[in-house]
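There are 2 protein chains.
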Amino acid sequence: MVDDGTRGEADEREFLAAYDPHAYAPAAVTVDVVAMTIRAGEPLVLMVRRGASPQRGRWALPGGFVRAQDGPGGPADPDLPDAALRVLAEKTALPATLHLEQLGTYGARDRDPRMRVFSVAYMLLAPDLPDPGPGRDTAEVAWVPWRDLGHGGTARHEPAFDHAGIVADAVERARAKLEYTSLATAFLPPVFTITDLRAVYEAVWDRPLHAANFHRKILAAPGFVEDTGGLADRGGSGGGRRPRLYRAGGSAALHPPLLRSAQ
Amino acid sequence: MVDDGTRGEADEREFLAAYDPHAYAPAAVTVDVVAMTIRAGEPLVLMVRRGASPQRGRWALPGGFVRAQDGPGGPADPDLPDAALRVLAEKTALPATLHLEQLGTYGARDRDPRMRVFSVAYMLLAPDLPDPGPGRDTAEVAWVPWRDLGHGGTARHEPAFDHAGIVADAVERARAKLEYTSLATAFLPPVFTITDLRAVYEAVWDRPLHAANFHRKILAAPGFVEDTGGLADRGGSGGGRRPRLYRAGGSAALHPPLLRSAQ
DNA sequence: TGAGTTTTTCTCGATCTGAGGAGAACTTAG
DNA sequence: CTAAGTTCTCCTCAGATCGAGAAAAACTCA
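Top line first, the protein sequences correspond to chains A and B. In this text, residue positions in the first sequence follow full-length UniProt numbering: the first is 1, and each later residue adds one. In this text, residue positions in the second sequence follow full-length UniProt numbering: the first is 1, and each later residue adds one.
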């Protein structure tokens, strides 16, 4: 049975009262972006050196507040992905092609000492990007190797807040999705070789793969890559046969998957 | 270079000013729970009939506001999973064993007509639960088959707000994770048979599987299940050999995976 | 011209898969 | 008690797939 009338209105009154800004201490909704790329076989994450306390001088993920409503600072973000792209664009130039996917939301009580902050983390994958110039309100922006951002241990740059954990979640997500999706092409320009693709897998998984078997499996997976008909120019050092050029195929899922555990 | 001093303080002032409750219209953070179970081979989701407008009388996911701070309504939620379990416990009794995982956060501008709402959705998997009694502020709570909640089309119960999409995301997540993880055991009691496990896969994937090959693959995946040494009592209708009893093994990832595309 | 490099194809034994068959263990009907 | 039916478990086998290595193809550089 539907309980209508008074109960219903009470529910709605409760909804609005519970979020009367005067009744509760403030809580913020932010987006943080784990922007990943691969440069010379090294996986990198875009990090921002904090210019303000707390945690001044430490690396943090680029992020910012979600604009919930139109206000003096600008129009509202229509959706969360818009907010993610907006805050990232304030730190660096966005590439023409990118893959953006939501990673998760972090809201532990004491993750930020100033107030209760709920951060929606996004993972952004892009081909190698130019080095960013300093943003307008940030002291320093840089691409930092994944391996330097680990939890404790040998990490050279311990990130601020819980951002080390967020980066670790992004790295694990990327490693897993390379197994059963065609996500690896998001790290590459529109046209690439099978060797380029293998270099992505080797960089992300941090282990060598058998070139001949990789080649066979990629071409056996329907819709992963499609032949452009062209060959690379080459002429670089080392010599070797000119590789064929491919572009990303239409399918998002890989059948059969490429398993990390396998060779 | 670290830009310290004035810039840093300005940054922090901006942080606090931007979320001065008086300066901005309110935005809410809620949790919505997609609680899933399987009863008699039918996958079900826990839904709540809305007692208040808007969308009065339609089915919605159980959810509620995240308590960002201690307040008159109770103590703050230490983290988002705590909030998810709290709001679900207000609607139904929680099972002894459950799997809770974050699904994603939904924040499109017009998803709720009353105000800007950011909803962190959680997926909860549990063994078959008793039917819930009506909660204290809800007209009706029921387990509804997945297939009745689809977007448009033949759906018999069109859910409120964007909850059809959230359920669809949860269903797809569950289907995918059954391939690569031992998640299926979350739908089963502590002790189960291989046939019970196969029934979970068949219900979630909505297609029959070859019993003999399924049996072989489950036992070949290290750490998926472990033999308890016991046999089922049986005595039910139909007869048949008494099946062995297993419990969930320690490993979370399945190697090799069980692919949906395969038989 | 020849050595070295990289890409691509081929080979082969081992393993895995899908499909069906059949034995084992049990219930129920007669 | 026997026979028929059901369910669980194991076996078989042809075909596909995999890992590892060899080798051919195509190119650079000295």
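We put the beta carbon where it would ideally sit given N, CA and C, even for glycine.
Based on Cα-Cα distance, which residue from 257/B, 241/B and 204/B lies nearest to residue 216/B?
Here the question's residue 216/B lines up with position 216 in the second sequence. Answer by Cα proximity: 257/B.
Between the Cα of residue 240/A and those of 201/A, 113/A, 195/A and 220/A, spot the shortest distance and give me the residue it belongs to.
On the first sequence, residue 240/A is found 240 positions in, with the first residue counted as 1. Per the Cα distances, 195/A.
Mind listing the chain A neighbours of residue 76/B? Cutoff is C-beta to C-beta under 7 Å, in chain order.
The residue you call residue 76/B lines up with position 76 of the second sequence. Chain A residues near residue 76/B: 109.
Taking only beta carbons into account, state which residues of the stretch 229-257 of chain A come closer than 8 Å to chain B, listed in chain order.
Those would be 255, 256 and 257, in chain order.
Are the CB atoms of residue 221/A and residue 59/A nearer to each other than 8 Å?
On the first sequence, position 221 is the one that residue 221/A refers to. On the first sequence, position 59 is the one that residue 59/A refers to. Inclusion of residue 221/A and residue 59/A in the CB contact set at 8 Å is not warranted, their separation being larger than that value.
Could you give the C-beta distance for residue 105/A and residue 69/B, rounded to a whole number, given that I count them as a contact under 8 Å?
The residue you call residue 105/A lines up with position 105 of the first sequence. The residue you call residue 69/B lines up with position 69 of the second sequence. At roughly 18 Å, the Cβ-Cβ gap does not stay under 8 Å, so residue 105/A and residue 69/B are not in contact.
Are residue 127/A and residue 91/A closer than 8 Å when you measure CB to CB?
To locate residue 127/A, count along the first sequence from 1; it is residue 127. To locate residue 91/A, count along the first sequence from 1; it is residue 91. Their beta carbons are not under 8 Å apart, which means residue 127/A does not touch residue 91/A by this criterion.
Where the beta strand (DSSP E) through residue 99/B begins and ends
Residue numbering aside, residue 99/B sits at position 99 when the second sequence is read from its first letter. If you look at residue 99/B, you'll find it in the beta strand (DSSP E) that goes 99-106.
Run through DSSP, which three-state label would residue 196/A get?
Taking the first residue of the first sequence as position 1, residue 196/A is located at position 196. Residue state, collapsed to three classes: helix.
Where residue 244/A and residue 192/A are concerned, what is the direct C-alpha to C-alpha distance, given to the nearest angstrom?
If you number the first sequence from 1, residue 244/A lands on position 244. If you number the first sequence from 1, residue 192/A lands on position 192. Taking the CA atoms as reference points, residue 244/A sits about 8 Å from residue 192/A.
I'd like to check one pair, residue 78/B with residue 116/A: are the Cβ atoms closer than 8 Å?
For this step, residue 116/A is matched to residue 116 along the first sequence. For this step, residue 78/B is matched to residue 78 along the second sequence. At the C-beta level, residue 116/A and residue 78/B stay beyond 8 Å of one another.
Could you check what DSSP says for residue 222/A in three-state terms: helix, strand or coil?
Along the first sequence, read from residue 1 onward, the residue named residue 222/A stands at position 222. In the structure shown, residue 222/A sits in coil (DSSP, three-state: anything other than H, G, I, E or B).
Cross-chain neighbours of residue 63/B in chain A, by beta carbon under 9 Å:
Locating residue 63/B in the second sequence gives position 63, counting from the first residue. Chain order gives no chain A residues near residue 63/B, where near means a beta carbon separation below 9 Å; the closest approach is about 11 Å.
Taking C-beta pairs closer than 7 Å, name the residues in chain B that residue 268/A reaches, listed in chain order.
Chain A is shown from 1 up to 263; residue 268/A falls before or after that span and cannot be answered.
Going by DSSP, what residues sit across from residue 87/B in a beta bridge?
Your numbering for residue 87/B matches position 87 in the second sequence. In the DSSP secondary-structure assignment, residue 87/B is not bridged to any residue.
Proximity winner among 179/B, 204/B and 46/B, relative to residue 93/B (alpha-carbon distances)
As a working note, residue 93/B is residue 93 in the second sequence. Ranked by how close their Cα comes to the Cα of residue 93/B, the residues 179/B, 204/B and 46/B have 46/B in first place.
Proximity below 8 Å, CB of residue 249/A to CB of residue 214/A
Translated into positions along the first sequence, residue 249/A becomes position 249. Translated into positions along the first sequence, residue 214/A becomes position 214. The answer is no: Cβ separation not under 8 Å.
For a test of the three-state rule: what should DSSP assign to residue 161/A, helix, strand or coil?
Taking the first sequence and counting its residues from 1, one reaches residue 161/A at position 161. Looking at residue 161/A - three-state DSSP - the assignment turns out to be coil, as it is neither helix nor strand.
Member of 180/A, 252/A, 174/A and 157/A whose CA lies at the smallest distance from the CA of residue 204/A:
Counted from its first residue, the first sequence places residue 204/A at position 204. Cα-wise, what sits closest to residue 204/A is 174/A.
Mapping DSSP to helix, strand and coil, what is residue 149/B?
As a first step, residue 149/B must be located in the second sequence, where it is residue number 149. Looking at residue 149/B - three-state DSSP - the assignment turns out to be helix.
Among 120/A, 49/A and 56/A, whose alpha-carbon lies nearest the alpha-carbon of residue 82/A?
For this step, residue 82/A is matched to residue 82 along the first sequence. Residue 120/A holds the alpha-carbon nearest to the alpha-carbon of residue 82/A among 120/A, 49/A and 56/A.
Which chain A residues are close to residue 104/B, counting only those with a beta carbon under 7 Å from its beta carbon?
Position 104 of the second sequence, counting from 1, holds the residue named residue 104/B. The CB of residue 104/B comes closer than 7 Å to the CB of 102 in chain A, given here in chain order.
Beta carbon of residue 64/A, beta carbon of residue 34/A: below 8 Å?
For this step, residue 64/A is matched to residue 64 along the first sequence. For this step, residue 34/A is matched to residue 34 along the first sequence. Result no, Cβ atoms of residue 64/A and residue 34/A do not sit closer than 8 Å.
Assign residue 124/A to one of three DSSP states: helix, strand, or coil.
Position 124 of the first sequence, counted from the start, is the residue given in the question as residue 124/A. Strand.
Spell out whether any CB of chain B is found under 8 Å from the CB atom of residue 182/A.
As a first step, residue 182/A must be located in the first sequence, where it is residue number 182. It does not: the Cβ of residue 182/A has no partner Cβ on chain B nearer than 8 Å.
Residue 181/A vs residue 254/A beta-carbon contact at 8 Å:
Mapped onto the first sequence, residue 181/A falls at position 181. Mapped onto the first sequence, residue 254/A falls at position 254. With a cutoff of 8 Å on beta-carbon distance, residue 181/A and residue 254/A are scored as near each other.
Who does residue 64/A pair with in a DSSP beta bridge?
In the first sequence, the residue the question calls residue 64/A occupies position 64. Checking the DSSP bridge columns, you'll see residue 64/A partnered with 31/A.
Return the first residue and the last residue of the beta strand (DSSP E) that residue 44/B is part of.
For the purposes of this step, residue 44/B is taken as the residue at position 44 of the second sequence. Residue range 42-49 is occupied by the beta strand (DSSP E) that includes residue 44/B.
Residue-chain proximity (residue 80/B, chain A), Cβ-Cβ < 8 Å
Taking the second sequence and counting its residues from 1, the one referred to as residue 80/B is at position 80. So yes, residue 80/B belongs to the interface.
Between residue 80/B and the rest of its own chain, which residues show a CB-CB distance below 6 Å, the 5 nearest in sequence each way excluded?
Locating residue 80/B in the second sequence gives position 80, counting from the first residue. Hits under 6 Å: 120.
So the beta strand (DSSP E) residue 248/B belongs to, where does it begin and stop?
Residue 248/B sits at position 248 when you count from the first residue of the second sequence. First-last of the beta strand (DSSP E) with residue 248/B: 244-248.
With a threshold of 8 Å between beta carbons, is residue 48/A in contact with chain B?
Looking up residue 48/A in the first sequence gives position 48. No - not a single Cβ of chain B is within 8 Å of the one on residue 48/A.
Please tell me whether residue 33/A has its Cβ less than 8 Å away from any Cβ of chain B.
Here the question's residue 33/A lines up with position 33 in the first sequence. With a threshold of 8 Å between beta carbons, residue 33/A makes no contact with chain B.
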